[in-house]
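Engineer: Sharing a structure here in structure tokens format.
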Amino acid sequence: MARKPSSEGHEGWDDYAPFYDWENARTLGRRDVPFWRNVAINAGGEVLELGCGTGRVALPLGRAGISLTGIDRSEPMLARARRRISRSRLARHVRLIRGDIRDLPFRPSAFSLVMAPYGLLQSLLRERDLTATLSAVHRVLQPGGTFGVELVADLPAWEEYRQRVSLKGWKQRKGGTHVTLVETVKQDRARHLTIFEQEFTERRGRHKTSKTFALTFRTLSVPQMARRLTKAGFEVTATLGDYRGGPWDPRAEVWILLAKRSGRSSRSQRSI
Ligand SMILES: C[S@@+](CC[C@H](N)C(=O)[O-])C[C@H]1O[C@@H](n2cnc3c(N)ncnc32)[C@H](O)[C@@H]1O
């Protein structure tokens with residue numbers, strides 16, 4: 626039976642949690658981590674990571690002595706981050722909060738850097754969700770503070786395919802759990818959404834279990850995001866096309882925007 630695309634971008638992550646680190650170790654890995662570490666060191670104060678997930682970025686930043694708060698809606702994703710923080714004795718540096726990024730539960734001007742790595746803002750599928758989040762970030766960021774956003778590059782160009790084995794390998798060699806990911810990619814061009822339907826099958830001896838879920842992301846280009854940041858009271862200071870700080874162009878594989886919170890209130894911005 627055909628699956629309805631999810632109506633909320635935060636859906637799917639609870640089911641994804643047991644496989645997230647396994648998959649990312651084979652894809653993005655930690656290529657973006659030194660970049661975010663440098664941005665955080667330069668910001669020189671409290672850091673907020675939106676959608677911190679399993680702590681892929683938060684933990685190495687905590688290890689570098691950066692004081693970071695991570696917020697995420699998904700309890701199973703946060704549970705993994707919590708275990709890693711406690712194993713690495715990083716509780717002094719990294720705090721985790723369960724919550725929604727559209728309504729940030731922090732005092733005004735609490736952070737010198739707010740960061741949204743790895744396409745997090747594309748989990749907000751409606752314009753009003755993005756507007757609420759940008760306004761919440763504006764409120765919790767110090768005047769002059771930095772907002773860093775990475776977008777997943779060029780989602781609409783993602784080829785559509787059905788039921789392709791996109792990854793397979795051992796999850797735990799000891800005890801022998803083998804994982805296969807079968808993926809379907811759909812484009813909903815009318816709604817500017819890209820939908821990844823994923824089926825993870827785990828085999829351990831003769832025992833086999835499968836989990837199927839969908840993750841949906843909104844298309845946003847760098848110029849579109851820049852306009853929304855300006856409207857929300859930020860000044861875009863850099864658009865970057867790689868993790869070493871090289872300039873962005875539409876064919877770049879990495880899409881990053883850095884912005885400063887300007888003194889103006891987000892409500893006083895003229896519409897664009
Ligand atoms: C791509 S993962 C990123 C995790 C981590 N930042 C990283 O780079 O590995 C996206 C995370 O955002 C969370 N998320 C999505 N929508 C959210 C929302 N509205 N509020 C809070 N968290 C959200 C998901 O639960 C998921 O853990």
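Residue numbers (this note's numbering): 626 to 897.
Every residue, glycine too, gets a C-beta built ideally from N, C-alpha and C.
Run the CB neighbour count on I897, radius 10 Å, all protein chains shown included, and call it buried at 16 or more, exposed below.
Structural biologist: Low confidence applies here, because I897 scores a pLDDT of 29, under 50, leaving its location unreliable and the question unanswered by this model.
Engineer: Can you tell me which of G634, Q823, Y743 puts its alpha carbon nearest to the alpha carbon of L806?
Structural biologist: Considering only alpha carbons, the answer is Q823.
Engineer: Work out the CA separation of P872 and D657 for me, nearest whole Å.
Structural biologist: Those two C-alpha atoms are separated by around 16 Å.
Engineer: Got a sec, what are the start and stop residues for the beta strand (DSSP E) G769 sits in?
Structural biologist: 766-776
Engineer: Among residues of its own chain, excluding the 5 on either side of P768, which ones have a beta-carbon nearer than 6 Å to its beta-carbon?
Structural biologist: R886, G888
Engineer: Tell me which residues share the same chain as V777 and place their Cβ nearer than 7 Å to its Cβ, disregarding the 5 neighbours each side in the sequence.
Structural biologist: G744, Q747, F842
Engineer: Let's see if you can read the secondary structure: which residues bound the alpha helix (DSSP H) around V664?
Structural biologist: 658-668
Engineer: Between Y645 and ligand 1, is the CB less than 8 Å from at least one heavy atom?
Structural biologist: Yes; taking the cut-off as 8 Å, the Cβ of Y645 has a heavy atom of ligand 1 nearer than that.
Engineer: Would you call the stretch 701-716 and the stretch 637-650 touching, i.e. three or more CB-CB distances under 8 Å?
Structural biologist: yes
Engineer: Are the CB atoms of L854 and A884 nearer to each other than 9 Å?
Structural biologist: yes
Engineer: Taking the alpha-carbon positions, what's the A782 to V810 distance?
Structural biologist: 11 Å
Engineer: Would you say V765 and P742 are within 9 Å of each other, going by their C-beta atoms?
Structural biologist: no
Engineer: Of the choices W638, L693, D728, G724, whose alpha-carbon is the least far from that of V762?
Structural biologist: D728
Engineer: Between which two residues does the beta strand (DSSP E) harbouring F722 extend?
Structural biologist: One point to set straight first is that residue 722 is Ile, not Phe, in the sequence displayed. Unbroken beta strand (DSSP E) run through I722: 719-723.
Engineer: Near Q894, what residues of its chain come up, given a Cβ to Cβ distance below 8 Å and the 5 sequence neighbours on each side ignored?
Structural biologist: Low confidence applies to Q894: its pLDDT is 41, below 50, so where it sits in the model is not reliable enough to give any reading.
Engineer: On the CB-based measure, 16 or more other CB atoms within 10 Å of its CB, does M626 come out buried or exposed?
Structural biologist: Only weak support is given to the placement of M626: the predicted model assigns it a pLDDT of 42, under 50, and the question is left unresolved by the model.
Engineer: Which whole runs of the beta strand (DSSP E) in the stretch 788-862 are 3 residues long or more, in chain order?
Structural biologist: Secondary structure within the stretch 788-862: the beta strand (DSSP E) runs of 3 or more consecutive residues, fully enclosed, are 802-813, 818-829, 832-843 (chain order).
Engineer: Quick check on A815: buried or exposed, where buried means 16 or more other Cβ atoms within 10 Å of its Cβ?
Structural biologist: Exposed, by the Cβ-count rule.
Engineer: So does L928 have its beta carbon nearer than 8 Å to some heavy atom of ligand 1?
Structural biologist: No information on residue 928 is available, as it lies outside the stretch 626 to 897 that the chain covers here.
Engineer: Excluding the 5 residues preceding and the 5 following L684 in the sequence, name in chain order all residues of the same chain whose CB lies nearer than 8 Å to its CB.
Structural biologist: A706, R709, I710, S713, L715, V719
Engineer: When the Cα atoms are used, what is the spatial distance from G870 to G695?
Structural biologist: 24 Å
Engineer: Decide if A665 is buried, meaning its Cβ has at least 16 other Cβ atoms within 10 Å, or exposed.
Structural biologist: buried
Engineer: Taking the beta strand (DSSP E) that E674 falls in, what are its first and last residues?
Structural biologist: 672-675 is the span of the beta strand (DSSP E), which, as asked, contains E674.
Engineer: Tell me whether S699, by its Cβ, gets closer than 8 Å to a heavy atom of ligand 1.
Structural biologist: yes
Engineer: Based on the DSSP secondary-structure assignment, which residues constitute the bridge partners of A884?
Structural biologist: F772, V861
Engineer: When burial is assigned at 16 or more other CB atoms within 10 Å of the CB, is H635 buried or exposed?
Structural biologist: buried
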